[in-house]
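Engineer:
Protein chains in written order, with UniProt numbering: chain E, 1 to 666; chain W, 1 to 666.
And the structure:
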C-alpha cells in the first residue's frame, strides 16, 4: 500500500535510517535515543492535499526521518535527518547547546538496575537495617535543571521501599536518599539526601522505622468485599459509524488523518468538517510538571514528559474492554530501542464512539411535540505512563463540528518522605511517613489553523457592560462584544470576567448570515499558570507555562512549544524564541498554542492511586456555519436506541407515594 | 405505603389542600398558581433521620403543604400553609409587597389564546398584510421589572409568524409589536413596539416583507439526506446497579432520597456516601436569564424560570430511548391546574447509569502489569421547557464520592426582529430579519451541608508562590496553600489566578492522615457574573447573580436565592436579605449557594435549534477520606465489558502502513 506523506514511520524506514547512520559512523558505538518521521514541508503538503481533495496528479514528496544519538557514550548529542525515500543522509551533526537528549525506557532501566546494585547505594540501604520482607525500588528520573553547569545527561534515582510483591506500591515508602548517576558513563556522581522535616535540612541515613504501605493492588489493598456493580455493555450491532482506511478517518462529517509518533503520541492532520478545512495539524506537543516543594533536591522535579521521554515511546498498550468500551479500533506505535531496532507497541491509540446524553432538544409546549437528537461522540484516546503518573489524552469530536480536548491525570502521586508529626505548607500527608508535594500539570497543545484556507487571523472577544445611556441603555442592562485582533506573535492574557473568548477567524470568508468573518472559538476555563517565579529555571524553560494562549506565524519544524530538546534545558528554545520575531500574524498562516493547566494540591482520595482528575477545553464553531450543521442527524427513537425500563431488568420497585394514582373521594 | 417526610406531595394531599382552601374562601373564585409540599422543620427532621439510620422510634412529623392563589381575579396574592396530616389550614393570608405570583401554563395559554383573537392585535396583524399561508404565534412572557409602579401581574406577548405547520419555527420570524395584558382581568394594557434598527427607535407596523424561516422540524428544514449513524445500544443484562425503594436511592455507596416538586424540579435529601453524611439537601433553586439588548422593551426580558413558573411545572415528560439511554428508572411530578386539581406529569426525572471512560489506572512499567477501573456514573436528570429554551439538569454521581452538577442549555434562542442590513453590537444575526440578543444564564444551586454532622465551616484555599528565600526556596519554585475561613454570611470572591478553591470543612473531624479537618471542595470555573449594572433591576432582583459562591447560616424556609416570590419582583428578598444578618457562620449549620453562569453571545450554529451548551461544576471530597474510597471497585476486564474489535463489526480495514509487521532484510 502506498504510503501517505502523513502516515507514521514504517518498520522499513526505521531500519533504513538506523543502518545509514550506523554505516556513516562505522567504528563508533551509536546509542540512539529517538528516531521517527519528520513532517513534510508544509508548502509541498498543501499542494498535495489540494490535489488529493480536488483532483490532479499527486506530487511525490520524499519522506524524511530524524534521529538523535550519542557516539561512543559521550557528549555531544547528534541529530541526523535522513531521506528514506531515496535512502541517504541529508544532515548529520552534533547539536549545540543541548545538555541531554531524550531518554529511552532502556536508558532509564539500565540506570535503575545499576543503582540497585551500586556499592554506594547498597551502603545506604544497609544503614536502613531493613527487615527481610522489604525490598528496594528505584524510579529513575530526568535530572531537571538548576544551573548552567551541567553539560551531560544525569539521572536522579528516587528510591523507595516495598513489600515483596511485583505490584507493591513503593511510592508509599519513599526513602531519604537519592543517588545521581551520569547516563552515558554510568558513573556515580553523588548521593543526594531528601529533607523530611519542616525545613530544608537533611540527615544521614538512619535505621528504617517500619510503617505500613498504602497499597492499591487487589492482593494487598485490604479490600475484602468488592462493590457489586453490574455490567454496562455498549453494543453496536450494525458496527461503528466511523471508517478508517490506512490513516484516513471519517465520522459524521469529520475527515482527518491520524498518525502515531514517538514524541507526541498521536497527531491529527488535515482536519475537515462537512467539507470545510479547519486544522492542518493538531497535537499535544509538550507538557511539564513542576513541583512546589522548594527544598533541594525537589526543586529539580520538573519533567517535560514529551520532550524528555516521549508520549508515544511511553504509550500504554491498551486492552479491549478495560481502557476503551464498545467497538474499538486500535492504532499502533513504532518506537526504537538504543540500537534503532523497531519495537512495535500495539494498541496505543483506541478509536471508538460513545453516547453522551442529549445533543439538542425542543418541545413545542403548545402540542407537546418534541424533537430530540442524542449526542454521539467520537473519541481518539491515548494513554502514556511516565513513571508514577498516567495521562489519558482524549480528542473528542461531536456532530456539530466541535472538538473537546480532554486530559485525565491518573496513576500514582509522586511522593516525598516526611517524618511523623510533621506537616509542610507545600504538600499533603497521604500516608504514614509519606507526603505528596503540591505540583502543577501544564500541557501545551498546538493547533495549526487552516480555517477555510491558509490565511487566518487570531483575535479575542470580550463582553462588557454598556455605559449608562439614558437613550440607548436607560435601564442599565446592555452589554456588547468587543473584538481585539492579534497583530504580532504573542499571547492573549486571560480575562474571565469579561468572558474573554479566544477565536480564530478567516477575514476573507464572511458568514452570509452574521455578516462577519467565519470563526472558531477556543473556550478554556481561566486557570492559574506556572507558580514558580519568573526568574526560576522552571519558568525560563517553558514559556508556554506562563500564559494560556499563544499565537505564532507558521514555520516548518516549529512543533514543540518549549523547543526541540527539553531534557536538562536551561532556556526555552521554542516559543521563547519564536515570540520575539517582529512580523505580522494577521491574515496569514497562523498557529495557536493553548496551554491546559491543573494546579494540583494532592488529597488523600488520590492515594494510593488517583481517580482521574479532568482538564479540558473546547474548540467549537462560532458562526462558522450559517445554521446548526447537525440538523441532518436523525431524531432519537427507541427502536434505534433500545432503552429499557428499570422495572424490566431489576423488577418492580415500590412506587414513591407521590406517583400514586389513587384518588381520594373528597 | 407510609409516606416519608421527604416524599413528594401526593394526589390526596393536593386535593385536601385545594378543598380546605376553597372551603375557607367559599363564595370566592380561587385561582391557584402553585401548590406543593413544604419541607418539614429541619430540627425535627434531623432527629427523624438519625433514628432512621441508627435506630429508635420514628417521631411522627406532620406533613404540610403551601399554596399561592388569587381570589376573584384580583390582587393581592394569597399564601396558605396547610397541615395535611391533620387536615387543617395553619395560615392563610395575603402576601405583602408581591406584585405577581408564579404563572401556571394555563395562565399563559389563556393569555396566548386571548391575544391571538384580540382586536388590537388583529389590527396590527392586518397592517402586516400577511400571505394566507403565514400564521401568527405568540409566546406569552412574564413581564419583568422596570419600575416600582406595577402592582399586578402583566403578561407581555412576544409575537411571531410561522408557516402553517404545527412545529414551524416561529422564533425565526419575530414581528415588531408586542401586546401587553393584565393577567387577572385580561385587559389589554398597551401595544409595545420593538426596535429593529441599530438604535432604540420603533416604527409603526408595516406590511410584512417575506423572508424564509430557518426551520428545525424534519418536515421543513430542507435536510434531504440524513446522516448515516449506526445504533449504539447500552445494555445492562444483569440489570442496573442502583436500587430505588420509594424515594430512597442507593448506588455504589451513595444513599439519598429524591423527590420532585413544582418549583425546583427534583431535590436530593439526606445524601450520604459510604455511610458518611454529606448534604442535607441539594437542589437547583433559582435561575435568571437577563438579556443584554438595552432597548425597551427588551430590558424587561429577565425570566426567573423557577420562581416565575417552576421547573417541575414545566418539566418534560421524558421518552425512553430519546432523552435517556440504557436502563432507565423514571420519577413523576405532580403539579396542579388553576383549580388545584392534581395533574400527574409522568417520567419527569430519569435515573440511570452510564460509563464515562477510565476511573483510575496505573501500569507498573517494569513488568507491564496494570490495574484499570472504569468510571461508572449515576445520573439523575430532569429537563424543563420554558418557552423557547430547554434546560437539562444532571446530577452526576461517581464512585469516589463526587457529584458533578451539569446543566445543558438547548432548545431555541430567543429572538428579536432586525431590519435587513443592520447589525447591532449586543446581538447576532441568525437569519433573515432575525437577531438573537446576547444574554446570560445564571443558575443558583443550594447545598445544605452536613459534612460528617451539623457543624460545618466554609473556607477557601488559595495557592500562592512562596517568597524568594535563599534558604528555604533557593530556586524560586515553591508554592504553598493559604486558607481563609468565612466567619459571617457573605460571598467568596473569585480568584482563578490563585487557584482559589471553595471548601466546606468540619473542624471537629480531623482526617487522621493529613492531620487537617475533613473537607469537600466546590470546584467551579471562574466566570463572568451578571453584566447588568449594579443599579439595574436585573441585579437588584438577584443577588445570587453577582457572585459565584455564597454562605448563609441555615434557617427553615430559606430555600430560594432570590426569594420566595420572583415574578415582577423589584428587589431580592432572599440572599439580599439573609446576607445582612450579623451572625457567625463558622462551625454551625451552614448553607452554600454556588452560582453557575453562562455568558451567551449566540452563534449561528445555535439556530434554529441549539446544540447543548454545557455548564458544570464539581463537588468532590478533598481529604475527606483517608485514602481512595474506590479501591473496592472491581478491576475492568473484557469478560465483564464485552467490547469488540472494529474489524469484527465493520470488517477488515486497510492497516496503516506503520502497523505493518513486514520487515525488510537490510
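Glycine included, each C-beta is placed from N, C-alpha and C at the ideal position.
Predicted model only: the values in this text are computed from it and were never measured.
Determine, for residue 578 (chain W), whether the minimum Cβ-Cβ distance to residues of chain E falls below 8 Å.
Structural biologist: no
Engineer: With 16 other CB atoms within 10 Å as the buried threshold, where does residue 692 (chain E) fall?
Structural biologist: Residue 692 (chain E) lies beyond the residue range present for chain E, which begins at 1 and ends at 666; the question has no answer from this structure.
Engineer: Distance, Cα to Cα, residue 290 (chain E) vs residue 513 (chain W)?
Structural biologist: Going from the Cα of residue 290 (chain E) to the Cα of residue 513 (chain W) covers about 24 Å.
Engineer: So is residue 659 (chain E) buried or exposed if we call it buried at 16+ other beta carbons inside 10 Å?
Structural biologist: Caution is warranted here: a pLDDT of 30 is assigned to residue 659 (chain E), below 50, making its placement in the model unreliable, and the coordinate value is therefore given only provisionally. Classification for residue 659 (chain E): buried.
Engineer: Should residue 400 (chain W) be flagged as near chain E, meaning a C-beta pair shorter than 8 Å?
Structural biologist: yes
Engineer: How is residue 126 (chain E) classed by DSSP in three states: helix, strand or coil?
Structural biologist: helix
Engineer: Leaving out five residues on either side along the sequence, give the residues of the same chain with a beta carbon under 7 Å from the beta carbon of residue 170 (chain W).
Structural biologist: 137, 160, 161 and 162
Engineer: List, in chain order, every chain E residue whose beta-carbon is nearer than 9 Å to that of residue 631 (chain W).
Structural biologist: 215, 216, 218, 221, 222, 223, 608 and 609
Engineer: Decide if the region 193–210 of chain W is in contact with the region 600–611 of chain E; the criterion is three or more beta carbon pairs, one per stretch, under 8 Å apart.
Structural biologist: no
Engineer: Between which two residues does the alpha helix (DSSP H) harbouring residue 17 (chain E) extend?
Structural biologist: Taken as a continuous stretch (DSSP letters only), the alpha helix (DSSP H) holding residue 17 (chain E) covers 11–24.
Engineer: Answer yes or no: do residue 522 (chain E) and residue 549 (chain E) have a C-beta to C-beta separation smaller than 8 Å?
Structural biologist: yes
Engineer: Sort E:546, E:92 and E:79 by Cα distance to residue 102 (chain E) and report the nearest one.
Structural biologist: Looking at the Cα atoms, E:79 is the closest of the given residues.
Engineer: In whole angstroms, what separates the C-alpha of residue 107 (chain W) from that of residue 372 (chain W)?
Structural biologist: 55 Å
Engineer: Report buried or exposed for residue 555 (chain W), applying the criterion of at least 16 other Cβ atoms within 10 angstroms of its Cβ.
Structural biologist: exposed
Engineer: Label residue 252 (chain E) either buried or exposed according to how many other C-beta atoms from any shown protein chain fall within 10 Å of its C-beta, with 16 as the threshold for buried.
Structural biologist: buried
Engineer: Between E:270, E:649, E:541 and E:585, which has its C-alpha nearest residue 45 (chain E)'s C-alpha?
Structural biologist: E:270
Engineer: Can you pull out the residues from the region 445–469 of chain W whose beta carbon lies closer than 8 Å to at least one beta carbon of chain E?
Structural biologist: 461, 463, 464, 465, 466, 468 and 469
Engineer: Is DSSP giving residue 45 (chain W) helix, strand or coil here?
Structural biologist: Helix, per DSSP.
Engineer: As an exercise, report each continuous alpha helix (DSSP H) stretch of at least 4 residues that is fully enclosed by the region 326–380 of chain W, in chain order.
Structural biologist: none
Engineer: The alpha helix (DSSP H) with residue 108 (chain E) in it runs from where to where?
Structural biologist: 105–117 is the extent of the alpha helix (DSSP H) around residue 108 (chain E).
Engineer: Between residue 411 (chain W) and residue 361 (chain E), is the Cβ-Cβ spacing less than 8 Å?
Structural biologist: yes
Engineer: With 8 Å as the threshold, decide whether the Cβ of residue 157 (chain E) is near any Cβ in chain W.
Structural biologist: Chain W, which has no Cβ nearer than 8 Å to the Cβ of residue 157 (chain E), makes this no.
Engineer: Opposite residue 258 (chain E) in the DSSP bridges: which residues?
Structural biologist: Beta-bridge annotation (DSSP): residue 258 (chain E) is paired with E:268.
Engineer: Three or more C-beta pairs under 8 Å: does that hold for the region 400–420 of chain E against the region 411–430 of chain W?
Structural biologist: No, the region 400–420 of chain E does not touch the region 411–430 of chain W.
Engineer: How long is the line joining the alpha carbons of residue 370 (chain E) and residue 234 (chain W), rounded to whole angstroms?
Structural biologist: The alpha-carbon atoms of residue 370 (chain E) and residue 234 (chain W) are separated by roughly 23 Å.
Engineer: Which word fits residue 612 (chain E), buried or exposed, when buried means at least 16 other C-beta atoms lie within 10 angstroms of its C-beta?
Structural biologist: buried
Engineer: Between the region 475–491 of chain W and the region 529–536 of chain W, are three or more C-beta pairs nearer than 8 Å?
Structural biologist: Inter-segment contact for the region 475–491 of chain W and the region 529–536 of chain W is absent: fewer than three beta-carbon pairs are separated by less than 8 Å.
Engineer: Please list the segments of the beta strand (DSSP E) lying wholly inside the region 127–189 of chain W, counting only runs of 3 or more residues, in order along the chain.
Structural biologist: Here the runs fully enclosed are 134–142, 154–163 and 177–182.
Engineer: Where do the N-terminal and C-terminal ends of the alpha helix (DSSP H) with residue 442 (chain W) fall, by residue?
Structural biologist: First-last for residue 442 (chain W): 439–449, but that is the beta strand (DSSP E), not the alpha helix (DSSP H).
Engineer: Given this structure, state the Cα-to-Cα distance separating residue 620 (chain E) from residue 627 (chain E), to the nearest angstrom.
Structural biologist: 14 Å
Engineer: Ordered along the chain, which non-local residues of its own chain (more than five positions away) have a Cβ less than 7 Å from that of residue 406 (chain E)?
Structural biologist: Cβ neighbours of residue 406 (chain E) beyond the five flanking positions: 394, 396, 614 and 616.
Engineer: Taking residue 318 (chain W) and residue 287 (chain W) to be in contact with their CB atoms under 8 Å, please state how far apart those CB atoms are, rounded to whole angstroms.
Structural biologist: In fact, because the Cβ distance is near 20 Å, the residues do not count as touching under 8 Å.
Engineer: Give me the residue from E:339, E:222, E:420 and E:518 with the minimum Cα distance to residue 625 (chain E).
Structural biologist: Of the listed residues, the one whose Cα sits closest to residue 625 (chain E) is E:518.
Engineer: Using only the alpha-carbon positions, how far apart do residue 285 (chain E) and residue 586 (chain E) sit?
Structural biologist: Between residue 285 (chain E) and residue 586 (chain E), the C-alpha separation is close to 23 Å.
Engineer: Any heavy atom of the ligand ZN closer than 7 Å to the Cβ of residue 217 (chain W)?
Structural biologist: Because no ligand of any kind appears in the structure shown, any question about the ligand ZN cannot be addressed here.
Engineer: Using beta-carbon positions only, say whether residue 580 (chain W) and residue 236 (chain E) come within less than 8 Å of one another.
Structural biologist: no
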